Each structure stands twice: as C-alpha cells, then as structure tokens.
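Student: This structure is in structure tokens; I'll ask about it shortly.
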Amino acid sequence: MKNEIIIAKVEAYIYKMFHSDATGHDYYHMKRVAKMAKYLAEQEHGDVLLCELAGWVHDVADDKLTKDPEKAIIELKLFLASISLSDDQINTIVEIISTVSFRKGQDPKSLAGKIVQDADRLDAIGAMGIARAFAYGGNKNRPIHSEDEQQKQHATIQHFDDKLLLIKDKIKTPTAKRIAIERHTYMEHFLSIFYNEWNSDAYY
Ligand code: ADP
Ligand code: NI
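In this text, residue positions in the sequence shown follow our numbering: the first is -1, and each later residue adds one.
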C-alpha cells in the first residue's frame, strides 16, 4: 500500500475515534501532532513515515481517554496490520507511543520516541496550548482564575505554573526546542496581559 493511502486510512480511523472529544484531545490535536512529528522527523533525520503515523495514533491508549489501554493497543495493532504495516513497523509505532500515552514520565529511548513526545508537548504550549488548557478546564468545571486561596489551586491559570511553563525545558530535539522557545515567550506575554487585565482597576 502506498504511504499516502496508509496515512489517509489512519487519519480516517482517528477521525472516527476522536472527532467528538471536548477535552483538548480532539481529532485536530492528533492531526497537529502528526504533522509536527513529520516535520520534526524531516529536520532531525528521523523515520518520517513512522513518526507521522505514531503522531496520529499517540493518544489511542491514553488512560484518560480509554477505559482499557491494553485493549486499545490490541485493537490498534490489528488495525495497523489490516492496512498492511509489517510487524516491525507496528511494534516500533507501539514503542514510540508507549512513553507518550501509557508510560508517561519515562524518557523515550529512540529518536522517533523523542520526536513524537516533543510534538505532543509542543501542542500543549503557545496559542494552541492556551486554548486547550481553558477547554480542558471548562470541561472539568474549573474556574479560569480565582481570588479564593482554595479555589485558586484548581483554576486553569494555575496549570501554567504547574506544567505548561516547564515544558520548554523538557523538550529533547533541537528543532522542537526552537519552536518551544517561541511558544513559551508567547505564553509569558499572554499571562502578563491576563494578570494586567485581571488586576486592572482602570475601568471601574
Ligand atoms: P497529554 O497531551 O500528554 O495527554 P494531558 O492529557 O495532561 O497531556 O493534557 C492534555 C491537554 O489538556 C494539554 O493541553 C494540557 O495542558 C491540558 N490539561 C491537562 N491538565 C490540565 C489542567 N489541570 N488544567 C488545564 N489544562 C489541563
Ligand atoms: Ni496528545
């Protein structure tokens, strides 16, 4: 099967699975991660096809998104075999996504693993990261910010300090690092304006 046809079939499979998600893990997140993984693989001399495919399927076995990650992996393997990927290719894809989606916190060993993890992390920062954080917070009924000490801990704006501002330093590949620095700067700018507007008494 031609690579374009393989990618089109994976895209259709992912569309069916994620098109109605409202937690920031929708089909377009998968698409952005796939395209970014492809770009990073081109720049970093990784395996372009496998990085793009792993980008498409990287959240299939995420325990936040599926009740049974093991079953999700079995189904994914069957699907990938049905579109004529070899056992080696399938095992590589599963290994790549394992540190992104179900062995979180572990460092990927392969270049392809680093690329797909970087692509996923890049989508959590910058303008897209800001939008996804508030979408996620809204989905969980969290306030955007609060002046109550207790509630403040659970506000979405807190997630920037807890996680999003730390991502830049966890990026592994040089190409992704450059993009992360730009996106980080943009988030800092957003946060400074956010707090200015929140604290502004100029209008009242
Ligand atoms: P991953 O992409 O590795 O699955 P998460 O599921 O933790 O990472 O996050 C997915 C998206 O949801 C990210 O954009 C992240 O910033 C956002 N998110 C996760 N937890 C929170 C939270 N507590 N508040 C706001 N956004 C969150
Ligand atoms: Ni993801």
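From the three backbone atoms N, C-alpha and C, an ideal C-beta is built for every residue, glycine too.
Just so you know, these numbers come straight off a predicted model, no measurement behind them.
Looking at C-alpha atoms only, which residue of 41, 40, 59, 33 is the closest neighbour of residue 16?
Tutor: For residue 16, the nearest C-alpha among the options comes from 59.
Student: Who are the near neighbours of residue 133 in its chain, counting only those whose CB is closer than 6 Å to its CB and skipping five residues on each side?
Tutor: Excluding residues within five positions, the ones whose Cβ falls inside 6 Å are 22.
Student: Any idea if residue -1 is buried or exposed, counting beta-carbon neighbours within 10 angstroms, 16 or more meaning buried?
Tutor: Label assigned to residue -1: exposed.
Student: Buried or exposed: residue 96, going by 16 or more other Cβ atoms within 10 Å of its Cβ?
Tutor: Answer is buried; the Cβ neighbour count reaches 16.
Student: Since residue 44 and residue 109 are thought to touch, with beta carbons under 8 Å apart, how far apart are those beta carbons, to the nearest angstrom?
Tutor: Contact flag correct, Cβ pair sits at about 5 Å.
Student: Can the beta-carbon of residue 187 be found closer than 9 Å to that of residue 121?
Tutor: Their beta carbons are not under 9 Å apart, which means residue 187 does not touch residue 121 by this criterion.
Student: Quick check: the stretch 149 to 164 against the stretch 123 to 131, are at least 3 beta-carbon pairs closer than 8 Å?
Tutor: Enough Cβ pairs lie closer than 8 Å, so yes.
Student: Is residue 144 closer than 9 Å to residue 150 when the C-beta atoms are compared?
Tutor: Their beta carbons are under 9 Å apart, which means residue 150 touches residue 144 by this criterion.
Student: If you measure from the CB of residue 92, is any heavy atom of the ligand NI nearer than 8 Å?
Tutor: Residue 92: no, Cβ never under 8 Å from the ligand NI.
Student: Taking 8 Å as the cut-off, is the beta-carbon of residue 171 closer than that to any non-hydrogen atom of the ligand ADP?
Tutor: False, no ligand heavy atom lies under 8 Å from that Cβ.
Student: What's the call for residue 37, buried or exposed, on a 16-neighbour Cβ count within 10 Å?
Tutor: The residue in question, residue 37, is buried, as its Cβ has 16 or more Cβ neighbours within 10 Å.
Student: Whose beta carbon lies closer than 5 Å to any heavy atom of the ligand NI, going through the chain in order?
Tutor: Matched residues: 57, 118.
Student: Should residue 127 be listed as close to the ligand ADP, given that the test is whether its C-beta is under 8 Å from any heavy atom?
Tutor: Checking every heavy atom of the ligand ADP against the Cβ of residue 127, one is found closer than 8 Å.
Student: Please classify residue 171 as buried or exposed, where buried requires at least 16 other C-beta atoms within 10 Å of its C-beta.
Tutor: Its Cβ being crowded by 16 or more others within 10 Å, residue 171 is buried.
Student: Kindly indicate which three-state DSSP category residue 12 falls into: helix, strand or coil?
Tutor: Of the three classes helix, strand and coil, the one that applies to residue 12 here is helix, per DSSP.
Student: So, for residue 157: in the same chain, excluding its five sequence neighbours on each side, which residues have a beta-carbon less than 6 Å away from its beta-carbon?
Tutor: 131, listed in sequence order.
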